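Numbering (the numbering used here), first residue to last: 2 to 134.
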(Lines of atoms letter the chains of each structure in order from A and count residues from 1; the text may use other names and numbers.)
(Lines give C-alpha, C1' and ligand atoms only; values in the text may rest on other atoms or scores of the structure.)
Protein backbone atom coordinates (compact mmCIF):
# COMPACT_ATOMS: atom_id res chain seq x y z
CA UNK A 1 0.00 0.00 0.00
CA UNK A 2 1.21 3.52 -0.71
CA UNK A 3 1.37 4.49 2.98
CA UNK A 4 4.04 1.84 3.53
CA UNK A 5 6.24 3.12 0.73
CA UNK A 6 9.46 3.38 2.67
CA UNK A 7 12.66 1.52 2.01
CA UNK A 8 16.02 1.17 3.67
CA UNK A 9 17.24 4.70 2.89
CA UNK A 10 16.40 8.02 4.48
CA UNK A 11 12.91 9.02 3.39
CA UNK A 12 11.64 12.48 2.58
CA UNK A 13 8.53 13.50 4.49
CA UNK A 14 5.50 14.04 2.25
CA UNK A 15 2.26 15.78 3.18
CA UNK A 16 -0.77 15.18 0.97
CA UNK A 17 -3.93 17.31 0.96
CA UNK A 18 -7.02 17.24 -1.21
CA UNK A 19 -7.63 20.32 -3.39
CA UNK A 20 -10.65 20.00 -5.67
CA UNK A 21 -10.08 16.99 -7.90
CA UNK A 22 -6.34 16.87 -7.17
CA UNK A 23 -4.09 15.67 -4.38
CA UNK A 24 -1.48 18.30 -3.56
CA UNK A 25 1.81 16.69 -2.58
CA UNK A 26 4.05 18.89 -0.44
CA UNK A 27 7.69 17.97 0.19
CA UNK A 28 8.86 20.41 2.91
CA UNK A 29 12.51 19.28 2.92
CA UNK A 30 13.00 20.49 -0.66
CA UNK A 31 10.36 23.24 -0.48
CA UNK A 32 8.46 21.39 -3.19
CA UNK A 33 4.88 20.99 -4.27
CA UNK A 34 3.49 18.70 -6.95
CA UNK A 35 0.13 17.10 -7.57
CA UNK A 36 -1.45 13.75 -8.30
CA UNK A 37 -4.84 12.75 -9.67
CA UNK A 38 -5.04 9.68 -7.45
CA UNK A 39 -3.77 9.30 -3.91
CA UNK A 40 -1.81 6.16 -4.74
CA UNK A 41 0.22 8.23 -7.24
CA UNK A 42 1.38 10.69 -4.56
CA UNK A 43 4.58 8.85 -3.51
CA UNK A 44 5.75 8.43 -7.11
CA UNK A 45 5.01 12.06 -7.94
CA UNK A 46 6.94 13.14 -4.83
CA UNK A 47 9.89 10.88 -5.68
CA UNK A 48 9.95 12.21 -9.23
CA UNK A 49 9.84 15.82 -8.02
CA UNK A 50 12.65 15.24 -5.52
CA UNK A 51 14.81 13.40 -8.07
CA UNK A 52 14.47 16.21 -10.61
CA UNK A 53 15.00 18.93 -7.98
CA UNK A 54 18.13 17.32 -6.55
CA UNK A 55 19.37 15.90 -9.86
CA UNK A 56 19.61 12.35 -8.52
CA UNK A 57 18.25 9.06 -9.87
CA UNK A 58 14.69 8.38 -8.76
CA UNK A 59 15.86 5.00 -7.41
CA UNK A 60 17.86 6.89 -4.75
CA UNK A 61 14.80 8.76 -3.49
CA UNK A 62 12.39 7.39 -0.92
CA UNK A 63 9.40 9.06 0.67
CA UNK A 64 7.25 8.61 3.75
CA UNK A 65 3.69 9.90 3.58
CA UNK A 66 3.33 11.59 6.95
CA UNK A 67 0.06 13.48 6.56
CA UNK A 68 -3.01 12.98 4.41
CA UNK A 69 -5.53 15.73 4.99
CA UNK A 70 -9.01 16.07 3.52
CA UNK A 71 -10.82 19.22 4.67
CA UNK A 72 -9.16 19.13 8.09
CA UNK A 73 -9.53 15.38 8.59
CA UNK A 74 -6.17 13.74 9.22
CA UNK A 75 -6.66 10.50 7.33
CA UNK A 76 -3.55 8.79 8.72
CA UNK A 77 -4.74 9.39 12.28
CA UNK A 78 -8.17 8.04 11.35
CA UNK A 79 -6.62 4.96 9.72
CA UNK A 80 -4.44 4.33 12.78
CA UNK A 81 -7.58 4.44 14.95
CA UNK A 82 -9.47 2.10 12.60
CA UNK A 83 -6.59 -0.39 12.53
CA UNK A 84 -6.53 -0.45 16.34
CA UNK A 85 -10.30 -0.97 16.43
CA UNK A 86 -10.04 -3.79 13.87
CA UNK A 87 -7.37 -5.48 15.97
CA UNK A 88 -9.57 -5.19 19.07
CA UNK A 89 -12.57 -6.58 17.16
CA UNK A 90 -10.49 -9.50 15.88
CA UNK A 91 -9.27 -10.27 19.39
CA UNK A 92 -12.88 -10.14 20.65
CA UNK A 93 -14.03 -12.48 17.83
CA UNK A 94 -11.23 -14.90 18.71
CA UNK A 95 -12.25 -14.80 22.38
CA UNK A 96 -15.93 -15.38 21.55
CA UNK A 97 -14.99 -18.33 19.32
CA UNK A 98 -12.86 -19.87 22.07
CA UNK A 99 -15.54 -19.30 24.74
CA UNK A 100 -18.20 -20.79 22.44
CA UNK A 101 -16.07 -23.86 21.75
CA UNK A 102 -15.35 -24.29 25.45
CA UNK A 103 -19.05 -24.01 26.40
CA UNK A 104 -20.04 -26.49 23.67
CA UNK A 105 -17.48 -28.98 24.96
CA UNK A 106 -18.57 -28.45 28.55
CA UNK A 107 -22.22 -29.04 27.63
CA UNK A 108 -21.28 -32.15 25.65
CA UNK A 109 -19.42 -33.38 28.72
CA UNK A 110 -22.70 -33.03 30.62
CA UNK A 111 -24.34 -35.32 28.03
CA UNK A 112 -26.41 -32.53 26.45
CA UNK A 113 -27.43 -33.59 22.90
CA UNK A 114 -25.60 -31.82 20.06
CA UNK A 115 -28.89 -30.48 18.65
CA UNK A 116 -29.66 -28.89 22.02
CA UNK A 117 -26.13 -27.46 22.23
CA UNK A 118 -26.75 -25.87 18.83
CA UNK A 119 -30.03 -24.40 20.06
CA UNK A 120 -28.36 -23.06 23.22
CA UNK A 121 -25.51 -21.47 21.27
CA UNK A 122 -27.68 -20.23 18.41
CA UNK A 123 -25.85 -22.30 15.79
CA UNK A 124 -26.81 -25.23 13.60
CA UNK A 125 -26.45 -28.73 15.02
CA UNK A 126 -23.73 -29.28 12.39
CA UNK A 127 -21.75 -26.33 13.74
CA UNK A 128 -22.35 -27.52 17.30
CA UNK A 129 -20.93 -30.91 16.29
CA UNK A 130 -17.81 -29.17 14.93
CA UNK A 131 -17.42 -27.21 18.16
CA UNK A 132 -17.81 -30.30 20.31
CA UNK A 133 -15.41 -32.35 18.17
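All C-beta atoms in this analysis are idealised placements derived from N, C-alpha and C, irrespective of residue type, glycine included. Just so it is clear, the structure is predicted and the values come from calculations on it, not from any experiment.
Residue state for residue 66 is assigned as strand, using DSSP reduced to three classes. Within the segment 87-133, the complete alpha helix (DSSP H) runs of at least 4 residues fall at 115-122, 126-133.
Secondary structure note for residue 53: its alpha helix (DSSP H) is the uninterrupted segment 43-55. DSSP, read as helix, strand or coil, puts residue 32 in coil.
The secondary-structure analysis by DSSP pairs residue 78 with nothing; it has no beta-bridge partner.
Judged by beta-carbon spacing, residue 47 lies within the 8 Å limit of residue 13, meaning their Cβ atoms are closer than that value.
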